[in-house]
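Reviewing the structure listed below.
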Amino acid sequence: MKKYLLCLLTVCLMTSACGSSSENTRPCTTNALTPPSAPTNLTNAAAPSTMVNLNWDASTGNESVTEYWIYRCSGKYCWPTRYQSGVTETTFSEIGLAPDTLYRYAVSALDSAGNQSPLSAIYELTTPPLRDTGRPTPPSDVTAATVSSTQIDIGWTAAMDNSGVIAFYSVYRCQGTCSPSNAVATGVKTTTFNDKTAAPSTTYTYAVTAFDAAGNESLPSSTISVTTQAAPTAQTYTLIGAGDIASSINNAAESTAKLLDTAVAADSDTIVFTAGDNVHPCGSVSEYSTYYDPTWGRHKARTLPSPGNHDYETSGASGYLNYFCPNSANCSFPSGTKQLYYSYDLGNWHIISLNSEQNNSSQLTWLQNDLATHSDSCILAYWHKPRFSSGIWEGNHSEVQPFWDALSAVKADVVVNGHEHSYERFAKMSASGSADPNGIRQFVVGTGGAASLGFGSPKPHSEVRLTNIKGVIKFSLRNNGYDWTFVPSTTTELGDAGSGICNK
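Mapping to our numbering: the sequence shown position 380 is 833, numbers consecutive.
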């Protein structure tokens, strides 16, 4: 504007002094009235921090741009005011911004005629919060307890932090009396840790550190050393038995009872099981006394039985219950009272005796609850009627499907049944009867002494079928597997043997 007024004044003076020459009265240019364009593309080249490094595209205009003015304010709803002038480049940097604060920047250009451009578009940035660099205090009062030969439980008192928040703990371990440097666990949210990766009879030293929400790690706690227990001596449990045992007709129970005698002589802790139909045809008290007791009854004190349909030929299986549990002091059932289904443990094996003659909801609910508390064990179950069978008389029994469903859900290992008076072994199967490497292996062992029956067409996945034979099946139950042997009553008959690994 100043230059424009000076031009007009000069024109007037020249007109008065020099006449009205057209050259002398030519009007001056008015380009200096046009301001430069607003700066564009205002950005920040600095990484998020408490500094800023602004860049923008240069303004243009009729006059040269001589400087830029920086506008700034802080706060969500503020409007930038002039903050810095005299900036001659298209960049501006500053440091020392307040942490965790919203800033708003704009830029304006000034040309040589003194004209100011409009403001650029506003650029917003928020500085990061002030970083917490303070360490938490070390955890204190570290304790260690040996639970088994392979597990040590660690505990400690919580650490403290200036922010008030402990995010997690790391547990360090070394072998021997040493300074722990290898983390055996991290991200631990509580003040306890169960180390299940220890070796038997080994000394370990532990220390614990704490991390706050900013990622600061405390100094280590004081160390503690502890030695695991010795590995337990591996024990094998013998479980032997069969179904369809004594009978008032064609009674061969003595021949199989002698096989029990031999097993007990070799292992005095042998457990005898029965897979139902312990005495034919009616399961009465007199039949138990006359036919079962003189044979298999020799091992009554170590027998854990299950009932079959012939036991129910006497109302309520009363002959079965009264024979195996006449009173609490002389009772074969684990509870010391009359039971139609129950369970017990042999080392790492959970053994279940079920009643296939009463498929009621209360038994199934009991089974599901029982399995829920033993889902990590190896599992063997026995009852009378088989779900799958190639037997010519009876065949498959779908009424026991709920047993298979419940057992398959926890990856049980073995099922033993009777009812068919023959021996049959199946490959591992799912609950639906399809081949499954993690399924259940079923044995049908109705060979305890009653008259033999034959086979029809083989059912899918049937691997071994033996008929016209008497015998028992013997299981050697190891910590994580088992061996089976079908022992015939005479040396001239075929047997069967094999091994398996538990599904869990």
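Ideal Cβ positions, reconstructed from N, Cα and C, are used throughout, including at glycine. Every value quoted in this text rests on a predicted model; they were computed, and no experiment measured them.
Assign residue i to one of two classes, buried (16 or more other C-beta atoms within 10 Å of its C-beta) or exposed (fewer than that).
i: Lys642; result: exposed
i: Tyr797; result: exposed
i: Thr478; result: Because Thr478 carries a pLDDT of 43, less than 50, the predicted location of this residue cannot be relied on, and no value is offered for it.
i: Trp509; result: buried
i: Trp749; result: buried
i: Thr487; result: exposed
i: Pro653; result: exposed
i: Gly899; result: buried
i: Ala888; result: exposed
i: Trp857; result: buried
i: Ile605; result: buried
i: Pro421; result: Here the chain has residues from 454 to 957 only, and residue 421 is not among them.
i: Asp714; result: exposed
i: Thr544; result: exposed
i: Pro941; result: buried
i: Ala706; result: buried
i: Pro571; result: exposed
i: Trp846; result: exposed
i: Ser474; result: Residue confidence is low: Ser474 scores 42 on pLDDT, short of 50, so the model does not pin down where it sits. Its coordinate-derived value is still stated next. Exposed, because fewer than 16 other Cβ atoms sit within 10 Å of the Cβ of Ser474.
i: Glu740; result: buried
i: Lys649; result: exposed
Leaving out five residues before and five after residue i in sequence, what residues of the same chain have Cβ atoms less than 6 Å from its Cβ?
i: Leu583; result: Pro552
i: Asn669; result: Arg588
i: Glu946; result: Ile922
i: Ala660; result: Tyr625, Pro633, Pro673, Ser674, Thr676
i: Val518; result: Pro489, Ser512, Ala562, Asp564
i: Pro855; result: Leu817
i: Val717; result: Thr723
i: Asn956; result: Lys864, Asp866, Asn891
i: Ala470; result: Any reading at Ala470 must be qualified, since the residue scores a pLDDT of 39, below 50, and its modelled position is unreliable; no value is offered.
i: Gly789; result: Ser781
i: Tyr576; result: Leu495, Tyr558
i: Ala498; result: Asn506, Asn508
i: Ser538; result: Trp522
i: Thr655; result: Thr681
i: Cys627; result: Pro633, Thr658
Quick test of your reading: residue i and residue j, contact by CB under 8 Å. State the CB separation rounded to the nearest angstrom.
i: Thr658; j: Thr630; result: 6 Å
i: Ser861; j: Ser883; result: 6 Å
i: Thr493; j: Ser546; result: About 19 Å separates the two Cβ atoms, so there is no contact after all.
i: Tyr521; j: Val540; result: 4 Å
i: Trp802; j: Tyr690; result: 7 Å
i: Thr554; j: Thr586; result: Contact doesn't hold; Cβ gap of about 19 Å is too wide.
i: Lys838; j: Asn870; result: 6 Å
i: Leu692; j: Leu930; result: 6 Å
i: Ala695; j: Thr644; result: Not really, about 54 Å apart at Cβ, beyond 8 Å.
i: Val853; j: Asn812; result: 7 Å
In this structure, what does DSSP give as the bridge partners for residue i?
i: Lys957; result: Per DSSP, none; premise fails for Lys957.
i: Ile677; result: Tyr659
i: Ala636; result: Tyr625
i: Tyr795; result: Ser806
i: Gln895; result: Val868
i: Trp522; result: Ser561
i: Gln537; result: Ile523
i: Glu577; result: Arg557
i: Met882; result: Ala888, Ile893
i: Leu712; result: Per DSSP, none; premise fails for Leu712.
i: Gly951; result: Trp937
i: Thr767; result: According to DSSP, which records beta bridges pairwise, Thr767 is partnered with nothing at all.
i: Tyr745; result: In DSSP, Tyr745 forms no bridge with anything.
i: Arg992; result: Here the chain covers residues 454 to 957 and nothing more, so residue 992 does not appear.
i: Glu547; result: Val505
i: Val641; result: Tyr622
Leaving aside the five residues before and after residue i along the sequence, list all residues of the same chain whose C-beta is less than 7 Å from its C-beta, in chain order.
i: Phe646; result: Ile607, Val624, Ala638
i: Ala666; result: Ser616, Val618, Ala620
i: Phe879; result: Phe841, Arg894, Gln895, His914, Ser915, Glu916
i: Pro787; result: Tyr795, Tyr797
i: Ser830; result: Asn801, Trp802, His803
Leaving out five residues on either side along the sequence, give the residues of the same chain with a beta carbon under 8 Å from the beta carbon of residue i.
i: Arg964; result: The structure shown does not extend to residue 964, since the chain is modelled only from 454 to 957, so the question has no answer here.
i: Phe664; result: Pro589, Ile619, Ala620, Phe621, Tyr622, Ser623, Glu670, Ser671
i: Lys455; result: Caution applies to Lys455, whose pLDDT of 40 falls short of 50 and renders its modelled position unreliable; the model cannot decide the point.
i: Val738; result: Thr767, Ser771, Gly772, Asn775, Tyr776
i: Asp764; result: Gly729, Asp730, Asn731, Val732, Gly736, Ala770, Gly772, Tyr773, Glu810
i: Ser952; result: Gly934, Tyr935, Asp936, Trp937
i: Trp819; result: Tyr794
**Message:** Does the contact criterion of 3 or more C-beta pairs under 8 Å hold for the segment 886-903 versus the segment 697-705?
**Reply:** Touching, yes.
**Item:** Touching by the beta-carbon criterion (3+ pairs, under 8 Å), the segment 821-837 and the segment 681-688
**Value:** no
**Asked** Within the chosen definition, does the segment 595-611 reach the segment 515-533 through at least 3 CB pairs nearer than 8 Å?
**Response** no
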